[in-house]
Structures are given as structure tokens and as C-alpha cells.
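Protein sequences, first through last, are from chains A and B. Per the numbering used here, the first sequence starts with residue 176, numbered consecutively. Per the numbering used here, the second sequence starts with residue 200, numbered consecutively.
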Amino acid sequence: MRPLQRRVLYFFILGLGLLWIYLSAGKSNASPTEIVAAPQKGFLAPEFELNTASRETVKLSDLRGQAVLVNLWATWCPPCREEMRSIEKVYNEYKDQGFVVLAVNMTYQDDTQKIIPFVTERGLTFPILLDETGDMANDYQMRSLPSSFFIGRDGIINEVVIGGPMAEALLRTRVEGILK
Amino acid sequence: MKTPRFILLVGLCILIGYGCTPSSTQTTESIPTEVAATELPIAPTIDFETIDFPKAQSHWLTVGADGNLYLIYGRDHSLFVARSTDGGQTFSEPVLATGDASVHVLPIERPAISVDQAGRVGIAWLEMSPDFNGATVWYASSEDSGQTFKPGQLVATETQGEVAMVQVALDDAGNPVLAWLNGSELKFARSFDQGSTFSETMNIGDGSCECCQPQSVVTGEYIYIAYRSLEPGGDKGDIRDIVMIHSEDGGQTFQLVTRVSDAHWYLPACPIAGPSLATHEGKFYIAWMDGRAEPPGTFSRGDIWLASSQDGGKTFMPNVRINPEQSMHHTLPSVTVGSGGRIHIAWEAQASDTKEAFLYYTSSDDGGQTFAIPQIIADNGDETRGNPSKAVLVIDSMGHVALAWLDRQGVRIATWADRK
Chain A
176 MRPLQRRVLY
186 FFILGLGLLW
196 IYLSAGKSNA
206 SPTEIVAAPQ
216 KGFLAPEFEL
226 NTASRETVKL
236 SDLRGQAVLV
246 NLWATWCPPC
256 REEMRSIEKV
266 YNEYKDQGFV
276 VLAVNMTYQD
286 DTQKIIPFVT
296 ERGLTFPILL
306 DETGDMANDY
316 QMRSLPSSFF
326 IGRDGIINEV
336 VIGGPMAEAL
346 LRTRVEGILK
Chain B
200 MKTPRFILLV
210 GLCILIGYGC
220 TPSSTQTTES
230 IPTEVAATEL
240 PIAPTIDFET
250 IDFPKAQSHW
260 LTVGADGNLY
270 LIYGRDHSLF
280 VARSTDGGQT
290 FSEPVLATGD
300 ASVHVLPIER
310 PAISVDQAGR
320 VGIAWLEMSP
330 DFNGATVWYA
340 SSEDSGQTFK
350 PGQLVATETQ
360 GEVAMVQVAL
370 DDAGNPVLAW
380 LNGSELKFAR
390 SFDQGSTFSE
400 TMNIGDGSCE
410 CCQPQSVVTG
420 EYIYIAYRSL
430 EPGGDKGDIR
440 DIVMIHSEDG
450 GQTFQLVTRV
460 SDAHWYLPAC
470 PIAGPSLATH
480 EGKFYIAWMD
490 GRAEPPGTFS
500 RGDIWLASSQ
510 DGGKTFMPNV
520 RINPEQSMHH
530 TLPSVTVGSG
540 GRIHIAWEAQ
550 ASDTKEAFLY
560 YTSSDDGGQT
570 FAIPQIIADN
580 GDETRGNPSK
590 AVLVIDSMGH
600 VALAWLDRQG
610 VRIATWADRK
């Protein structure tokens, strides 16, 4: 093979490689699989924007700078019901220090007629958000109820608690952890 | 000459090192190598038709003893029933079965329906107290295969408690047998006059998971109820295993519970997932989800398990994991058995690192020892429909398989002919 032919062959192979890179990149852009922020300790809490029962909108990222407890619950869930009074008590103790509770009702799986009476009966004063589509539950990989996410002022999840009811003392310790 | 060789080397490195490596953003492989390694049979791709029931909020599908397929679904505080005589390809116009009753309809609770050999259809439902503390349990029947329903008959009044998950099964004579939950108590009542009057309510189990639907089957004088138990487990949370309770005298007395799951699964939370029960020629098959692979008290994903009993439900064989894939969360299985003994299972799965959700189907020809590689019947690629969930799988005597599920639009039913 002559030097010129050999050089052409080399450049042809290099060109083929570059073409492969281009096509591979194009393919992955054509069918992207969205990677969501993980609802796990040490990760940024996945963003959500939900309505309250009174149709006000709450966006998680608007609360950056505050310590947030995101609590996933339903009216038919016994441990959820049991821990609500403790959450209300601790919320009142720490809210002036920048502690916020977002109690997200799994409305897409709940009886909407029961939500308001449930909240009124227990005198809950923190925002009750409604996940009407299940999207938020999906993002937070809800597998069981209750599920609680303690989020620091920087928006990073400090602790995930699966199940309940959470003891008041333990709840206090966790809240103090995210208020630091 | 050195430069072209260098270029050739770089080119080859690029080809081998980059071009042949899968992109990191590719979809998670749904069939892991573990299954391929065991050389399980690959079922042929299923070619199915679908039919929709828009705006349904809850559903259940059953094959009646008359051989027909019956769908019941909840919508706007009412229950509707539709019948199919062609294996689910077409359904009759849905009939309002609950009159002006205010039915408690919840997506996590499956409406109750059973059909006997004569085509008598029995349904049951709950009506909540105004303060949601307590409820009434109701039964209604149809004598004309679900075309018209009699007015509801009061079965029981629960004056207090979180009442949920009512189930009904008809015996050979068309007498309804009902079970439901009040908190963690498993309640039972039955009729001996085809639903005109009912027995006193019995408490047949004190430790049931409050958010997990039980399932019942009646065979002659034998009544079987599978449910997720709730046992105190100390610091690690409650133990939520699957058990079965049965009666050999038509519900007058119940035997001690039989343990089905060998997991001792600790979870201090509501997993929202009851068992699925099927029976065939005296054998019992129970499928369920649990998260035994994770440390006690944690729960990020579950697996689908199956246990069978060859001695009339007295003992169960060791648990067999059905889903080969072990990174997604698999839950809410539905099991059914065809006339040839083939076991069919469908369930839902959600990816852990993406928003993908699937409905899987598989079958076994060796009594549940091995299963074909699961096939995806539905996914959440269509955002207007969202996640396919709460699968109900049935097969009629002609080998028509029907799989019903719930999504944002309502109920969708896929049907196909079982392979020979």
C-alpha cells in the first residue's frame, strides 16, 4: 500500500470514529430519560409546586433558607393520623426559628371529602398540600405512608424517615438538626 | 508514518472506548442478566387489544362461575357493573348498581363483586358515617347477570373506627360471604338466604394491616381469606407478613392463621399492598409484595413473591421471587390460574432513578417454580394517562386473558388469547 493510500485509510477510520461519536450523542439526545433529584439523604430535595386545600400555590424552592419537613400522608393511614398532633406541636415550638412543615396529602389516593374535616378536627395550622396527580409522590418515590423528609436550609435532605408515628422527642432532635 | 499510526490508534480507541459503550442516559434494562442466566423460557410477544372505561376511580375484574367476565368500577360515589361474554373484547353498557347510595370510593380499595354459576351477581360497598368514624356495610345482588340490581341490603353497622376494604364472595348456592376491615380487625358476616338477611358480625382476626386489601375465596363450606397481618415487632417496626385464615364450616368458626410469607418483614408504615389469592384444583396460590431485601424498618423498594399450598391451605411452600429485576420497586401483584394449571401474574413497577413506571406480566408452566421473562403490557410514556397501577388479572375457561388497570384517565383493560 502506498503512503498516500495508507494516509487516506487512516483518515477514513478516524472519520468513521468521529461519525460514530456524533451519532451516539445524537441518539442519546433523541430519547432522553429524565434523571430526577433523588429523595435521599445528602441529595437536593426534588422540586415541587402544589396547591393547598384553599388553592394557594406553594413551591418548595421558595422556602430555601428555611428548614422544611415534608410529610407525605393520607387520611386512611393510621400512623399518619397518630403523628400529626406531634408535628403540630413541634411546628409551633420552632416555626419562629424558620421551621416550616409541608404536609402533602396523597390526594390522588385519598378521599377528598375527608381532608378538610381531618385538618380542622386536629387544629393543624401548617400548610396542607394536595398531590392530586401522584407526580410529587412519584418524584419522592413514595412506597409507604407516612414518609418524612427533613430538609436543611440549603435545600439538601438531611434525613428520611419511613413510617411513623414519629416520637415527639425524636422529631425535635431532627428539627434541631435541620435548623443548624 | 508515526502520525497516521497515532491517528489510527486514536480512532480505534474512540471506536472501542466510547462508541461501543452505552450512553449513561439510556433507559434501565428491564430484564436483568440474572434471568437470562437461568435460561427461563421466553414467552412470545403478546398482541393485545384494549378497551377504556373513562373516569373510573377504582376497579375490580372477575370471571364469574358462569364463565363470563365482569367489571365493577367506582366513580362519583357510585358503583357500575359491565359484563363481557367474549373474553373482554366487548362489554355491555355499564349499569349503575348502587342506586342513590353514597358509596365510599377510594383508588386503594377495590370494589367487591362475585358471580355464581347461575349468573347471580353480588356486590358490596361501604357508606361512611358523616364524621368518618364508623360506616355501614351494604350488599346488593342481580338475578339477571348484572343488567339490573336489587336495592342494597344492610349487612352491618360499625358505629366507630376506620372501616375499609370490604370483600364479597358467593358460595355455590349464591349466598354472599363478606369480609372487611375496621382498623386492624378483620370482620366477617355471611348470609344463608342469598343476601336477604345476614349473620351477626364476627371479629375473626385482630391483627390486620389497616391499609392492605384482603382477598377471599369460597369453595363449598370452605372459606379462605388471605390478608397482610400486623404483628408488634418492637423497635424495628411492625411485622407485616402475609397470612391466610380459613373456615371449614361455612364461617361458623375459623381455624388458626396459616403463615404464607416467610419474610418477617418489618415496616412501621402503610405499604398499601394486600395479597392476591387464586385457587385451582385444590391448590392455593398467593402473590404479594414485600421489602425483605432491605434492612428492617427501611423501605425503598419491594419484590413480588409467590407461595403455593398443595394441602388445601394448611401449609405453604417456600416463597418464590417473581420479578427478576431488582432495582425497581415492584408491587401490587395479581395472580390467576388457567384451566391447564398455568399460573399468570401481573404487577406494577416503578423505576428508582427515573419517573418510569410499568405494568409487567409473566406466566409459569411448572406450578410456579420458574417464570417466563416478564413482558411490559403498559407504561407511563403517555403523560395524560400517568402510571398504570392496581393490576387485576383474570383468565376465563376459554383461555382469554384480561388485565385491567387504573390510571389518570380511568380503567383500561387489555385482552389477549393465552398461548397454547
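Cβ coordinates follow ideal geometry from the N, Cα and C atoms, glycine included.
> Exposed or buried, what is Val183 of chain A when buried is set at 16 or more other beta-carbons lying within 10 Å of its beta-carbon?
Replying inline: Residue mapping note: residue 183 of chain A aligns to position 8 of the first sequence, counting from 1. Exposed, because fewer than 16 other Cβ atoms sit within 10 Å of the Cβ of Val183 of chain A.
> Which stretch, first to last residue, makes up the beta strand (DSSP E) that contains Val350 of chain A?
Replying inline: Looking up residue 350 of chain A in the first sequence gives position 175. Unbroken run through Val350 of chain A is the alpha helix (DSSP H), 343 to 354; no beta strand (DSSP E).
>> If the cut-off is 9 Å on Cβ atoms, which residues from the region 409 to 430 of chain B count as contacting chain A, listed in chain order?
In response: Glu409, Cys410
> Can you pull the DSSP bridge partners for Lys234 of chain A?
Replying inline: Looking up residue 234 of chain A in the first sequence gives position 59. In the DSSP output, where bridge partners are listed per residue, Lys234 of chain A has A:Glu224.
> Sorted by chain position, which residues of the same chain lie with C-beta nearer than 8 Å to Pro254 of chain A's C-beta, five sequence neighbours on each side aside?
Replying inline: Within the first sequence, numbered from 1, the residue matching residue 254 of chain A stands at position 79. Here the set comprises Leu320, Pro321, Gly338, Gly339, Pro340.
> When burial is assigned at 16 or more other CB atoms within 10 Å of the CB, is Gly118 of chain A buried or exposed?
Replying inline: No information on residue 118 of chain A is available, as it lies outside the stretch 176 to 355 that chain A covers here.
> Straight-line CA distance for Gln460 of chain B to Gln272 of chain A?
Replying inline: Position 261 of the second sequence, counted from the start, is the residue given in the question as residue 460 of chain B. Position 97 of the first sequence, counted from the start, is the residue given in the question as residue 272 of chain A. Looking at the sequence itself, residue 460 of chain B is Ser, so the reference to Gln does not match. Those two C-alpha atoms are separated by around 47 Å.
>> Give me, in chain order, the residues of the same chain whose beta-carbon lies closer than 8 Å to that of Asp246 of chain B; leave out the 5 immediate sequence neighbours on both sides.
In response: Stepping through the second sequence from its first residue, residue 246 of chain B is reached at position 47. Once the five neighbours on either side are set aside, the close Cβ partners of Asp246 of chain B are Trp615.
>> Quick check on the burial criterion: 16 or more other C-beta atoms within 10 angstroms. Buried or exposed for Asp595 of chain B?
In response: The count along the second sequence starts at 1 and reaches residue 595 of chain B at position 396. Classification for Asp595 of chain B: buried.
> So, is the C-beta of Leu219 of chain A closer than 8 Å to a C-beta in chain B?
Replying inline: As a position in the first sequence, residue 219 of chain A is number 44, starting the count at 1. Taking Cβ atoms only, chain B never reaches closer than 8 Å to Leu219 of chain A, which makes this a no.
>> Which residues in chain B have a C-beta closer than 8 Å to the C-beta of Asn313 of chain A? List them in chain order.
In response: The count along the first sequence starts at 1 and reaches residue 313 of chain A at position 138. Here the neighbours are Gln549, Lys554, Ala556, Asn586.
> Which value, in whole angstroms, describes the spacing of the CA atoms of Gly501 of chain B and Phe557 of chain B?
Replying inline: Taking the second sequence and counting its residues from 1, one reaches residue 501 of chain B at position 302. Taking the second sequence and counting its residues from 1, one reaches residue 557 of chain B at position 358. Between Gly501 of chain B and Phe557 of chain B, the C-alpha separation is close to 14 Å.
>> Would Ala577 of chain B pass as an interface residue toward chain A - the criterion being a Cβ-Cβ separation below 8 Å?
In response: Here residue 577 of chain B corresponds to residue number 378 of the second sequence, with the count starting at 1. It does not; no Cβ of chain A falls within 8 Å.
> Ser328 of chain B to Glu296 of chain A, Cα distance in whole Å?
Replying inline: On the second sequence, residue 328 of chain B is found 129 positions in, with the first residue counted as 1. On the first sequence, residue 296 of chain A is found 121 positions in, with the first residue counted as 1. Spanning the two alpha carbons is a distance of roughly 15 Å.
> Going by C-alpha distance, which of B:Cys410, B:Arg389, B:Ala339, B:Ser277 is nearest Val304 of chain B?
Replying inline: Reading the second sequence from its first residue, position 105 is the one you call residue 304 of chain B. For the residues B:Cys410, B:Arg389, B:Ala339, B:Ser277, the minimum Cα distance to Val304 of chain B belongs to B:Ser277.
> With 16 other CB atoms within 10 Å as the buried threshold, where does Gln509 of chain B fall?
Replying inline: Numbered from 1 along the second sequence, position 310 holds the residue referred to as residue 509 of chain B. Exposed, since its Cβ has fewer than 16 Cβ neighbours within 10 Å.
> How many whole angstroms separate the CB atoms of Ile485 of chain B and Ala425 of chain B, which I take to be in contact at a CB cut-off of 8 Å?
Replying inline: Locating residue 485 of chain B in the second sequence gives position 286, where the first residue counts as 1. Locating residue 425 of chain B in the second sequence gives position 226, where the first residue counts as 1. Confirmed, Cβ separation roughly 5 Å.
> Would a check of beta-carbon distances place Thr308 of chain A closer than 8 Å to chain B?
Replying inline: Along the first sequence, one-based indexing puts residue 308 of chain A at 133. Answer yes: the Cβ-Cβ gap between Thr308 of chain A and chain B drops below 8 Å somewhere.
>> Do Asp343 of chain B and Gln608 of chain B count as a contact pair if the criterion is CB distance below 8 Å?
In response: Along the second sequence, one-based indexing puts residue 608 of chain B at 409. Along the second sequence, one-based indexing puts residue 343 of chain B at 144. Not in contact: Gln608 of chain B and Asp343 of chain B (Cβ atoms no closer than 8 Å).
>> Using only CA atoms, which one of B:Lys386, B:Gly540, B:Asp405, B:Asn522 lies nearest to Ser398 of chain B?
In response: Indexing the second sequence from 1 puts residue 398 of chain B at position 199. Nearest of B:Lys386, B:Gly540, B:Asp405, B:Asn522 to Ser398 of chain B, Cα basis: B:Lys386.
> How would you call Ala613 of chain B, buried or exposed, if buried means at least 16 neighbouring beta carbons within 10 angstroms?
Replying inline: For the purposes of this step, residue 613 of chain B is taken as the residue at position 414 of the second sequence. So Ala613 of chain B counts as buried.
> Can you tell which of A:Arg318, A:Asn280, A:Asn333 has the C-alpha that lies nearest to the C-alpha of Ala550 of chain B?
Replying inline: Translated into the one-based positions of the second sequence, residue 550 of chain B becomes position 351. The candidate whose alpha carbon is nearest that of Ala550 of chain B is A:Arg318.
>> My parser needs the beta strand (DSSP E) runs of 3 or more residues fully inside the region 491 to 517 of chain B; what are they?
In response: 502 to 508
> Which of the three DSSP states, helix, strand or coil, is assigned to Phe391 of chain B?
Replying inline: One-based indexing of the second sequence puts residue 391 of chain B at position 192. DSSP places Phe391 of chain B in coil when its eight states are reduced to three.
>> Counting only Cβ pairs nearer than 8 Å, list the residues of chain B close to Gln284 of chain A.
In response: The residue you call residue 284 of chain A lines up with position 109 of the first sequence. Those within 8 Å of Gln284 of chain A in chain B are Leu305, Pro306, Ile307, Ile471.
> Who are the Cβ neighbours of Thr282 of chain A in its own chain at under 8 Å, not counting the five residues just before and after it?
Replying inline: Sequence index remark: in the first sequence, residue 282 of chain A carries index 107 (1-based). Ile290, Leu305, Asp306, Glu307.
> By a C-beta neighbour count over all protein chains shown, 10 Å radius and 16 as the cutoff for buried, is Arg618 of chain B buried or exposed?
Replying inline: Taking the first residue of the second sequence as 1, we reach residue 618 of chain B at position 419. Arg618 of chain B should be labelled exposed.
> DSSP state of Gln288 of chain A, grouped into three classes?
Replying inline: For this step, residue 288 of chain A is matched to residue 113 along the first sequence. Of the three classes helix, strand and coil, the one that applies to Gln288 of chain A here is helix, per DSSP.
> Less than 8 Å separating the beta-carbons of Gly287 of chain B and Ala601 of chain B?
Replying inline: Within the second sequence, residue 287 of chain B is the residue found at index 88, counting from 1. Within the second sequence, residue 601 of chain B is the residue found at index 402, counting from 1. Going by C-beta atoms, Gly287 of chain B is nearer than 8 Å to Ala601 of chain B.
>> Quick check on the DSSP output: the beta strand (DSSP E) that includes Pro375 of chain B runs from which residue to which?
In response: For the purposes of this step, residue 375 of chain B is taken as the residue at position 176 of the second sequence. 375 to 381 is the extent of the beta strand (DSSP E) around Pro375 of chain B.
>> Counting only beta-carbon separations shorter than 8 Å, does Gly339 of chain A have a partner in chain B?
In response: Counting from one through the first sequence, the residue named residue 339 of chain A turns up at place 164. It does; some Cβ of chain B falls within 8 Å.
>> If I follow the unbroken beta strand (DSSP E) through Arg282 of chain B, where does it start and stop?
In response: Within the second sequence, numbered from 1, the residue matching residue 282 of chain B stands at position 83. Note, Arg282 of chain B: beta strand (DSSP E), 277 to 283.
> Taking all protein chains shown into account, do 16 or more other C-beta atoms lie within 10 angstroms of the C-beta of Ala344 of chain A, making it buried, or fewer, making it exposed?
Replying inline: For this step, residue 344 of chain A is matched to residue 169 along the first sequence. Exposed, since its Cβ has fewer than 16 Cβ neighbours within 10 Å.
>> Among the candidates B:Leu369, B:Gly360, B:Ile322, whose CA atom is the shortest distance from the CA of Leu380 of chain B?
In response: For the purposes of this step, residue 380 of chain B is taken as the residue at position 181 of the second sequence. Per the Cα distances, B:Gly360.
> Under 8 Å between C-beta atoms, does Glu342 of chain B make it to chain A?
Replying inline: For the purposes of this step, residue 342 of chain B is taken as residue 143 along the second sequence, with counting starting at 1. No, no contact with chain A.
> How far does the alpha helix (DSSP H) with Pro253 of chain A in it reach, from first residue to last?
Replying inline: As a position in the first sequence, residue 253 of chain A is number 78, starting the count at 1. Unbroken alpha helix (DSSP H) run through Pro253 of chain A: 253 to 269.
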